[in-house]
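Residue numbers (this note's numbering): -12 to 65. In this text, a Cβ means the ideal position worked out from N, Cα and C, and glycines have one as well. A short write-up of the structure that comes next.
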Amino acid sequence: MTKYHDIAFQNKLYSGRRRYLTQYVKKYPIPDPGSEFSIRLVELARELVFNENTPQRVLEIETLIEEQTALAFGVEPL
């Protein structure tokens, strides 16, 4: 979303920080919450937040989140 924000709004503070104003955030695209990718994203987020994970597992979950997010939006994963 950082990349999307930079491309769509091109509004940074003097320090290089982004301005997350309501008028910007409400324009963020949101994938279909009922899609298999969105459901998997919720599962991964819960696992990341509510489980005690090893540092290796955290990296695995973060990678899976990146992949599922790309799939949810129909773009290529980074």
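Residue span of the alpha helix (DSSP H) that contains residue i, given as start and end
i	result
Ala19	For clarity, residue 19 is Asp in the given sequence; the question names Ala instead. Run containing Asp19: none; DSSP gives neither H nor E here.
Leu46	Pro42 to Phe60
Glu34	Glu23 to Phe37
Span separating the alpha-carbon of residue i from that of residue j
i	j	result
Phe24	Gln55	6 Å
Gln43	Tyr(-9)	28 Å
Ile17	Ser2	28 Å
Ile(-6)	Phe60	16 Å
Val29	Thr50	14 Å
Asp19	Glu63	17 Å
Phe37	Val45	12 Å
Arg33	Leu58	19 Å
Check: residue i C-beta below 8 Å from any heavy atom of the ligand MN
i	result
Thr41	For the structure depicted, the ligand MN is absent and the ligand set is empty, with no information on it obtainable.
DSSP three-state assignment for residue i, whether helix, strand or coil
i	result
Lys(-10)	helix
Arg5	strand
Assumed close pair residue i, residue j - CB separation to whole angstroms, cut-off 8 Å
i	j	result
Tyr11	Met(-12)	Going by Cβ atoms, the distance from Tyr11 to Met(-12) rounds to 11 Å, so no, they are not a contact pair.
Ile52	Leu65	About 12 Å; that fails the 8 Å criterion.
Ile48	Leu35	5 Å
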